[in-house]
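**Q**
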Amino acid sequence: MLFRHAGKHRNSAVFAQMLKVMKLAAFLLLVLAMQVSATGYSQKLTLNMRNVTLSRVFKEIRKQTGFTFFYNTEMLQQADKVSVQVEQADLEDVLGKCLLNKKLNYSIVDNTIILSVKTTGQESPKPVANISVFGKITDALTGEALSGASVKLKGSAKGTSTDANGNYTLQLPDGGGVLIISYIGYESAEKSVTQAGALDIALKQKAVQTEELVVVGYGTQKRKDVTGAVSSVRMSSLSANVSKNISSAIQGRVPGVSVESASGAPGAGLIITIRGMSTLGNNAPLYIVDGVFVSSIDGVSPNDVESIEILKDAATASIYGSRAANGVVLITTKGGRKESAPKLEIDSWFGVQSIPKRMSLLNGEQWTKLMSDNITGIPAYNGVNTNWQNAIFRQATITRTNINFSGGSKDFTYSLSGGYLKENGTMVHTDYAAANFRIKTQYEKGRLKIGETVMIKRGITDNSPGGGDQTHSLVGSALMMPATVPVYDPTQDMGGYGRRPTFMKNLSNPIARLETINNKATDLSLLANAFVEVKLIEGLKYKFNVGLTEGLGSTRLYSGVYNDGNNGNAIPDLAESTSKNDSWLVENTLNYSKKLGKHSIDALAGYTAQKNISSGFSASRDDLPLGTSVLGAGTATTQKNDGSANVSTIVSAFGRIMYSYDSKYLFTASVRRDGSSRFAQDYQYGAFPSLSVGWNMHNENFFSGLRNVVSNLKLRGSWGVLGNQEIGNYLTQNSINSGINYVQGGVLWPGATVSSFASPTDLSWEQTKITNVGVDAGFLDNKLFFILDVFNKKTTGVLLNVPFPLSVGKTGSPTLNAGVIQNKGYEVSLEYADKKGDLNYRVGLNFSHIENKMTAINIGSGNQEFGGISRAKVGYPIGSFWVVATDGIFNSDEEIKAHSKGGTAIQPNAQPGDIRFVDYNHDGKIDNQDEQYLGSPFPSMTMGFSTNLSYKGFDLNLFIEGVTGNKIYNARRKWMEKMNEVTNFSTAVLNAWTPTNHSDFPRFTLSDPNNNNRENSNRWLEDGSYLRFKRLEIGYSVPKSLTGKWGIDRIRVFGSVENLFTITKYKGYNPDIGGGALSRGVDNSWDAYPLSRTILFGLHLTF
1 MLFRHAGKHR
11 NSAVFAQMLK
21 VMKLAAFLLL
31 VLAMQVSATG
41 YSQKLTLNMR
51 NVTLSRVFKE
61 IRKQTGFTFF
71 YNTEMLQQAD
81 KVSVQVEQAD
91 LEDVLGKCLL
101 NKKLNYSIVD
111 NTIILSVKTT
121 GQESPKPVAN
131 ISVFGKITDA
141 LTGEALSGAS
151 VKLKGSAKGT
161 STDANGNYTL
171 QLPDGGGVLI
181 ISYIGYESAE
191 KSVTQAGALD
201 IALKQKAVQT
211 EELVVVGYGT
221 QKRKDVTGAV
231 SSVRMSSLSA
241 NVSKNISSAI
251 QGRVPGVSVE
261 SASGAPGAGL
271 IITIRGMSTL
281 GNNAPLYIVD
291 GVFVSSIDGV
301 SPNDVESIEI
311 LKDAATASIY
321 GSRAANGVVL
331 ITTKGGRKES
341 APKLEIDSWF
351 GVQSIPKRMS
361 LLNGEQWTKL
371 MSDNITGIPA
381 YNGVNTNWQN
391 AIFRQATITR
401 TNINFSGGSK
411 DFTYSLSGGY
421 LKENGTMVHT
431 DYAAANFRIK
441 TQYEKGRLKI
451 GETVMIKRGI
461 TDNSPGGGDQ
471 THSLVGSALM
481 MPATVPVYDP
491 TQDMGGYGRR
501 PTFMKNLSNP
511 IARLETINNK
521 ATDLSLLANA
531 FVEVKLIEGL
541 KYKFNVGLTE
551 GLGSTRLYSG
561 VYNDGNNGNA
571 IPDLAESTSK
581 NDSWLVENTL
591 NYSKKLGKHS
601 IDALAGYTAQ
611 KNISSGFSAS
621 RDDLPLGTSV
631 LGAGTATTQK
641 NDGSANVSTI
651 VSAFGRIMYS
661 YDSKYLFTAS
671 VRRDGSSRFA
681 QDYQYGAFPS
691 LSVGWNMHNE
701 NFFSGLRNVV
711 SNLKLRGSWG
721 VLGNQEIGNY
731 LTQNSINSGI
741 NYVQGGVLWP
751 GATVSSFASP
761 TDLSWEQTKI
771 TNVGVDAGFL
781 DNKLFFILDV
791 FNKKTTGVLL
801 NVPFPLSVGK
811 TGSPTLNAGV
821 IQNKGYEVSL
831 EYADKKGDLN
841 YRVGLNFSHI
851 ENKMTAINIG
861 SGNQEFGGIS
871 RAKVGYPIGS
881 FWVVATDGIF
891 NSDEEIKAHS
901 KGGTAIQPNA
911 QPGDIRFVDY
921 NHDGKIDNQD
931 EQYLGSPFPS
941 MTMGFSTNLS
951 YKGFDLNLFI
961 EGVTGNKIYN
971 ARRKWMEKMN
981 EVTNFSTAVL
991 NAWTPTNHSD
1001 FPRFTLSDPN
1011 NNNRENSNRW
1021 LEDGSYLRFK
1031 RLEIGYSVPK
1041 SLTGKWGIDR
1051 IRVFGSVENL
1061 FTITKYKGYN
1071 PDIGGGALSR
1081 GVDNSWDAYP
1091 LSRTILFGLH
1101 LTF
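Going letter by letter, the sequence shown gives residues 1 to 1103 in UniProt numbering.
1. Which residues in the same chain as Q85 place their Cβ atom closer than 6 Å to its Cβ, once the five residues preceding and following it in sequence are excluded?
2. Would you kindly report the start and end of the unbroken beta strand (DSSP E) that includes S644?
3. If you follow the beta strand (DSSP E) that T771 is part of, which residue opens it and which one closes it?
4. Have a look at T502 and T386 and give me their C-alpha separation to the nearest angstrom.
5. Please report how far the alpha carbon of L179 lies from the alpha carbon of I108, in whole angstroms.
6. By Cβ distance below 6 Å, which residues in the same chain neighbour F69 in space, the five residues on each side in sequence not counted?
7. For N506, count neighbouring C-beta atoms within 10 Å of its own C-beta (all shown protein chains included) and say buried if the count is 16 or more, exposed if not.
8. Return the first residue and the last residue of the alpha helix (DSSP H) that R438 is part of.
9. Taking D844 as the reference, which of R1014, F786 and S690 has the closest Cα?
10. Can you name the start and end residues of the beta strand (DSSP E) that T502 belongs to?
11. So, S53 versus A79, is the Cβ gap smaller than 9 Å?
12. Flag this pair as yes or no: are the beta carbons of G634 and L574 separated by less than 9 Å?
13. Return yes when the Cβ of S583 is within less than 9 Å of the Cβ of T554, no when it is not.
14. If we ignore side chains and look at the alpha-carbon of each, how far apart do Y218 and K312 end up?
15. Less than 8 Å between the CB atoms is what I'm expecting for T426 and I355, so what's the real figure, rounded?
16. Between D781, R394, G1024 and F412, which lies nearest to N708 when the distance is taken from Cα to Cα?
17. Out of L361, S759 and N404, state which residue places its alpha-carbon closest to the alpha-carbon of P342.
18. Can you tell me where the alpha helix (DSSP H) with L213 in it begins and where it stops?
19. I need the DSSP call for I355, collapsed to helix, strand or coil.
20. Do you know how far the Cα of M854 is from the Cα of A905?
21. Taking the continuous alpha helix (DSSP H) assigned at M480, which residues delimit it?
22. Are there 16 or more other CB atoms within 10 angstroms of the CB of V230, so buried, or fewer, so exposed?
23. What residue range is occupied by the uninterrupted beta strand (DSSP E) comprising Q85?
24. How about D304 and T333: do their beta carbons lie closer than 9 Å?
25. Anyone know if the C-beta pair for Y420 and A433 falls short of 9 Å?
26. What's the C-alpha gap between E345 and N463?
27. Ordered along the chain, which non-local residues of its own chain (more than five positions away) have a Cβ less than 7 Å from that of G751?
28. Along the alpha helix (DSSP H) that carries R253, what are the first and last residues, could you check?
29. Would you please state the rounded distance, in angstroms, between the beta carbons of L370 and M976? I believe it to be under 8 Å.
30. Compute the Euclidean distance between the alpha carbons of V883 and M277, then round it to the nearest angstrom.
31. Check whether the segment 140 to 152 and the segment 1037 to 1051 touch, using three or more Cβ-Cβ pairs below 8 Å as the test.
32. Is the segment 504 to 524 touching the segment 558 to 569, taking contact as three or more C-beta pairs under 8 Å?
33. Can you tell me the Cα-Cα spacing of K595 and D662, whole angstroms?
34. What three-state label does DSSP hand R1050 in the structure shown?
35. Could you have a look at N948 and say whether DSSP puts it in helix, strand or coil?
36. The alpha helix (DSSP H) that contains G837, what's its start and end?
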C-alpha cells in the first residue's frame, strides 16, 4: 500500500488489532473444540470397583455415559455392596451384573435409567449369551460418515448410536435379530443378523424432506406450517458452489427474484430485485446475515453460507416492518454439528476468464476508405490496424481457496473458515483480491444457550480509472477509436501514446489512462453477532442479541504523466479518501411455544434498537514531484478537502403469533411498529401488520383416497403492509452552505446561506400492501413438488423528488409522498427428484410473470411524469421507453413527398436513404411530441431450469436461465452507428443505403439534416430476451474404498463453465442489463465492461 496519511494509519491499526483477536480466538477455540470432542459420552463402560455401594457404581456409570438414574433412595438401603470389574462392557451387561440376585429391576428411557422394586415371583436379570455386531454407517451417495445414527434391535429397547466417525458396536442376544438403522433425512434400513461380525450400512437420502425447516424472521418454522411466500436456496444443492458471490448463486433459481449484473469488473456485485420495482429510489431488499442487518451481502463468502431464505410477501416480511417493502434476504452461515468428529474441508479452484463477445468494428483499411469517400483531405491508409478491444481486454485468471473446520460435542459446536479470492480483471490493469475469516460457535447446556458469529473481510481493488462519458471512458474509447491509431507512438511526448487525428471527435487513448492512472480501493468489513438464550419455564425462552457491523474504506487515485490525445496530465496529481460506517443493533425477544393436544401455538414479542453512524473525508493535491506519491508533496495552493457525517436511528417493537390445529388449519398474525429518525417528529412512527392463513388439505380424512397420488396439498393466503424509509437522513431539515463570506468594516466575516429547502415535514413512509394466494402440492410421495403464488403488490406514498415551480422563486427538488406503483403477477416452481438404481436425478423449473405499472402521480392539479427516454408515466411501467417510432427508409423523392400532411412534407429535410419517422400526434412534423410508449425494461417472463444427475461417483449439474419480453436501449450501438461524427464505426455501416443498395440501414452522412441519429428513436431499441446456459459442471468423487486408505473421507474433482453461451437477438455485449428505476435496461454505462465466461477446475477434500 502507498497510503501515508492519517486515515491509513488508523485503518492499519484497527486491522492489526483485529488480526490479533482473530488469531487468539482461533487458537482458544481449537483448544476448546479438541477438549470437548475428546470427552464425548460413550455407552461402553470400564469399571474396577470392589465392595462399593450401588449408588457409588451408579455415579460412575453416569460419569462415563451421561445417563441419569431415577430411583427412590430407600430402594438401595437394603441392597448389599457389589464388586464390578469390566472393560468396554455394554451398559445393559453392567446393570445386569450389578442387580443380580437383588430385588430391583431397571428400564432405560432415552438417557434415563429408571429403577423399580421387583414384584413377587420375578427373577433377577441374568447375563445372557451375546453376539457382537459392529460396523460403520455412511451416506450412500457421498460415503461420508453419519454421526449419531440410530441402530436398534427390532422389537426391543436395545440399541445404540454411531460415534463421531459413524462407527457402532451392539451386543445382541444369542441367535441375533433384525437391526433398524435410521438417521434424520435418510431412508431407514433393516438388516437381519444371525452371527457376530462386521456389518457396514449405507443409508440413502430421502428425495424430499417433508419436515424441512425454513428460516423466518426471528426463528424457524416447518415448511408444512408456512403460510407465506418463502423461497429457499440450500447452498449444498449447488454442488461445488463456485460462485464468486452470493448474488450469483441466487440468479435464476428463485421465481420472482431478478438478479442482474452491474458490471463485469473484478469484485463487482449484482443487483437483486424481488417482485418488481416498487419505488423510484432504492429497490434493494433488506439483507440480514445471522440476525444482523447489513447493507450488502458481497462481503459474505458463498462457501460460508448454509442457506438463503427470501421473504417475498407481507406475511413473512412484516416482522421487519419499515425496511421490508422490497423483500428480505435471510442468510444463515454454516455451523458445527453436535456430537460430530472434527471435520476439515478444503475447496480450491482455478479458472480462466474471457470476454465471450466482441463488437464488429471497421478495420484500418475499411475506415480509411469510408472516410475518404465522404470527407476530403483524409490521409492515405497508414498500415496500422489496432484492435482496440483486444488492447484493453485479456484472458485473466481467477483462483479461490476456502478452508472450513467444524465439529462438536453434546453441548458445544464450532465452525471456523477462511478463504482467499484473487480475480484478475478481463480489462488490463484491473484486479481484485479478498481474504475472509469467520468463526461461529454455540454452547447449550440445560436452560442456557449462547453463541456468536464473527466475520471479517479485507478486499483490495485495482479499478479502471473511469471516464464518465463515451469519449473519455475506456470501453467507449476502445469502440470509437479508429484502428489506424496505434496504441503507442514513440514520436509523441508525455508517455509516447498514440493520439487521435485532429479532424476526429475528441477521444482518449484507453491504454494511456489504464497505464498511468492508478485507482485503488481498500475495504475492511467486520460483522459480529452474539446472543444469550435462557429457557425461563417450559416453553418460554428469552433471547438477548447484539450485533455490530463496521466498514472501513479508503481510495487512492494517482494520475501520472500522460497525454491520451484528448486529455493530458503534465504533472502528477493525487486524490485520497477514507470512509467509516458503523452500525450497532440490540434485540430482546421472548418466545413461547406450547402444544396442547391438537393445538399448537408459537408466540413472539420483541424490542429492538439500531443506530447507524457514517463519516467520510477526502483530500487532493496537484503538481506532485515526479516519483513521489505522497499527498503532502503536492502544491498547497491546489489542495482540496471535504468531509461528511451522518447518523440515523430506528427503534421497533414487534410481535407474532402462529397457531396450528391438528396440522390442518394454520393462522399467523404479526405486527411491527417502527420509529425512524429520518422523518419529522410527528411522522416518525408507523405500524406494519399482516395476517395469513393456511389449510393442509392432505391431512383431512376425506383426502385419504388421494394420498397415493397427491401426497401434499396446502392452500394459503396472506395480506399485510410493509414500509420503506430509504431517503436521506436530513431531508426534512434545511441544509446550510458555508463559505459565503463577506467584508464589513474592513473585517472578513464568515457567512452561510440556505443551499436548499427541506422536504415537507409531513413526509412519511412509503407503504406497500401485498396480497398473496398460494398453493403447495406434492405428488407421488413428494417426488414431484409444485408451488404457485399469485400476488398483488401496491405501493402508495412513493417518494418522488419534485422540482419547485418557477413561480415559487425557489430552487431544488424536495421529496414528496406523491406516487402509486403496482406490481402484480404469479410465480411457479416445479421440482422432480427420484432415483433409478445407481442413478439419482433432480430436475427443477421455475418461472414468473410480473406486471409493473405507475398508477398515479399526485402532484398539484394533475398527474405528471418523470424521466426522459426512460420515464415514469401514469398507466405504464416505470422506466418505460418513450421514443419516436421509425417506419423504414425513404427509397425515393416520391416516398418523401408522399409522407406529408395537407400537402406539406412531414420531413422536409429528408433525402433518399433517410429514415422515415412516424408522426404519432398527426401535427405534420417530427418532434418530441411524437414520442410514444414502445416497450418496457421489465421482462414479461423470467425462468430458470436446473438438473442434477449423479451416477456412482460421477455427477453433472446444468443450470439455464433466461428472460423474455423486455426491451433494451442500446446507447453503445448508437455511438457506433450514428455517423454524424468522425469516429470508428460498426461494420453495419458497410451496408448503408446507397442508390444501388436499398438496405434497411440509413445512408452515410455526417451532416444528418434528417436527424437519422436522433437519440429518442426506436432505432436503438432492441429485444432484450435471452436464454443463457449459465453453468455446466461435471464432477467425480473418488470411491471411499480408495480415499479411506489415504486417510481422506472424500475427494471430488470437477470442471465447470460459467456463462457457457447466450442465445439472444441483442447486439450489445450482454443483455443482462440492470439499473435503477429510470435507468433500467439502458446500456450506456461506458465505464462498465462486459460479463466474462469462466472455465475452471477444482478440488474438494474432506478429512
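Beta carbons are placed, not taken as given, at the ideal position from N, Cα and C, and that holds for glycine.
In this text the structure is predicted, and so the values were computed from the model without any measurement.
**A** On the basis of the coordinates in this document:
1. Position 85 of the sequence shown, counted from the first residue, corresponds to residue 85. N48.
2. As a first step, residue 644 is located in the sequence shown; it is residue number 644 there, counting from the start. First-last of the beta strand (DSSP E) with S644: K640 to Y661.
3. Working through the sequence shown from its first residue, we reach residue 771 at position 771. E766 to F779 is the span of the beta strand (DSSP E), which, as asked, contains T771.
4. By 1-based counting over the sequence shown, the position of residue 502 is 502. By 1-based counting over the sequence shown, the position of residue 386 is 386. T502 and T386 have their C-alpha atoms some 18 Å from each other.
5. As a first step, residue 179 is located in the sequence shown; it is residue number 179 there, counting from the start. As a first step, residue 108 is located in the sequence shown; it is residue number 108 there, counting from the start. Those two C-alpha atoms are separated by around 18 Å.
6. For the purposes of this step, residue 69 is identified with residue 69 of the sequence shown, where counting begins at 1. Once the five neighbours on either side are set aside, the close Cβ partners of F69 are F58 and I113.
7. Against the sequence shown, residue 506 aligns to sequence position 506. Result: exposed.
8. For the purposes of this step, residue 438 is taken as residue 438 along the sequence shown, with counting starting at 1. Where R438 is concerned, there is no enclosing alpha helix (DSSP H), although the beta strand (DSSP E) it sits in stretches over D431 to K445.
9. As a first step, residue 844 is located in the sequence shown; it is residue number 844 there, counting from the start. Rather than Asp, the amino acid found at residue 844 in this sequence is Gly. Comparing Cα-Cα distances from G844 to each of R1014, F786 and S690, the minimum goes to F786.
10. To locate residue 502, count along the sequence shown from 1; it is residue 502. In the DSSP assignment, T502 falls outside any beta strand (DSSP E), carrying neither H nor E.
11. As a first step, residue 53 is located in the sequence shown; it is residue number 53 there, counting from the start. As a first step, residue 79 is located in the sequence shown; it is residue number 79 there, counting from the start. Going by the sequence as given, residue 53 is Thr instead of Ser. Taking C-beta atoms as the reference points, T53 and A79 count as a pair closer than 9 Å.
12. For the purposes of this step, residue 634 is taken as residue 634 along the sequence shown, with counting starting at 1. For the purposes of this step, residue 574 is taken as residue 574 along the sequence shown, with counting starting at 1. The beta carbons of G634 and L574 sit closer together than 9 Å.
13. Mapped onto the sequence shown, residue 554 falls at position 554. Mapped onto the sequence shown, residue 583 falls at position 583. Note that residue 554 corresponds to Ser in the displayed sequence, not to Thr. Contact flag unset, no.
14. Position 218 of the sequence shown, counted from the first residue, corresponds to residue 218. Position 312 of the sequence shown, counted from the first residue, corresponds to residue 312. Those two C-alpha atoms are separated by around 16 Å.
15. Residue mapping note: residue 426 aligns to position 426 of the sequence shown, counting from 1. Residue mapping note: residue 355 aligns to position 355 of the sequence shown, counting from 1. Indeed, because the Cβ distance is near 5 Å, the residues count as touching under 8 Å.
16. Against the sequence shown, residue 708 aligns to sequence position 708. Answer by Cα proximity: D781.
17. Locating residue 342 in the sequence shown gives position 342, counting from the first residue. Comparing Cα positions, the closest option is N404.
18. As a working mapping, residue 213 is identified with position 213 in the sequence shown. In the DSSP assignment, L213 falls outside any alpha helix (DSSP H) and within the unbroken beta strand (DSSP E) covering L213 to V216.
19. Residue numbering aside, residue 355 sits at position 355 when the sequence shown is read from its first letter. Here DSSP, grouped into helix, strand and coil, assigns I355 to coil.
20. Here residue 905 corresponds to residue number 905 of the sequence shown, with the count starting at 1. Here residue 854 corresponds to residue number 854 of the sequence shown, with the count starting at 1. If you draw a straight line from the Cα of A905 to the Cα of M854, it comes to about 37 Å.
21. Start at 1 with the first residue of the sequence shown, and residue 480 comes out as number 480. For M480, the enclosing alpha helix (DSSP H) has its first and last residue at L474 to M480.
22. Counting from 1 along the sequence shown, the entry for residue 230 is found at position 230. When all chains shown are included, V230 counts as buried.
23. Here residue 85 corresponds to residue number 85 of the sequence shown, with the count starting at 1. Where Q85 is concerned, the enclosing beta strand (DSSP E) stretches over V82 to D90.
24. Position 304 of the sequence shown, counting from 1, holds the residue named residue 304. Position 333 of the sequence shown, counting from 1, holds the residue named residue 333. T333 sits close to D304, with the two beta carbons spaced by under 9 Å.
25. Translated into the one-based positions of the sequence shown, residue 420 becomes position 420. Translated into the one-based positions of the sequence shown, residue 433 becomes position 433. Contact: yes.
26. As a first step, residue 345 is located in the sequence shown; it is residue number 345 there, counting from the start. As a first step, residue 463 is located in the sequence shown; it is residue number 463 there, counting from the start. Across the structure, E345 and N463 are spaced so that their CA atoms are roughly 33 Å apart.
27. The residue labelled residue 751 in the question sits at position 751 within the sequence shown. The beta carbon of G751 sits closer than 7 Å to those of I740, N741 and Y742, all from its chain and outside the five residues before and after it, given in chain order.
28. As a position in the sequence shown, residue 253 is number 253, starting the count at 1. Looking at the DSSP string, R253 is not in any alpha helix (DSSP H), and its letter there is neither H nor E.
29. Walking along the sequence shown from the start, residue 370 turns up at place 370. Walking along the sequence shown from the start, residue 976 turns up at place 976. About 13 Å; that fails the 8 Å criterion.
30. Position 883 of the sequence shown holds residue 883. Position 277 of the sequence shown holds residue 277. When rounded, the distance between both Cα atoms is 22 Å.
31. Verdict: yes, contact present.
32. As far as the Cβ criterion goes, the segment 504 to 524 touches the segment 558 to 569, which means the pair count is three or higher.
33. Mapped onto the sequence shown, residue 595 falls at position 595. Mapped onto the sequence shown, residue 662 falls at position 662. The straight-line gap from Cα to Cα measures roughly 10 Å.
34. Locating residue 1050 in the sequence shown gives position 1050, where the first residue counts as 1. R1050: strand per DSSP, three-state reduction.
35. For the purposes of this step, residue 948 is identified with residue 948 of the sequence shown, where counting begins at 1. Strand, per DSSP.
36. Here residue 837 is taken as the residue at index 837 of the sequence shown, counted from 1. Per DSSP, G837 belongs to no alpha helix (DSSP H) and is neither H nor E.
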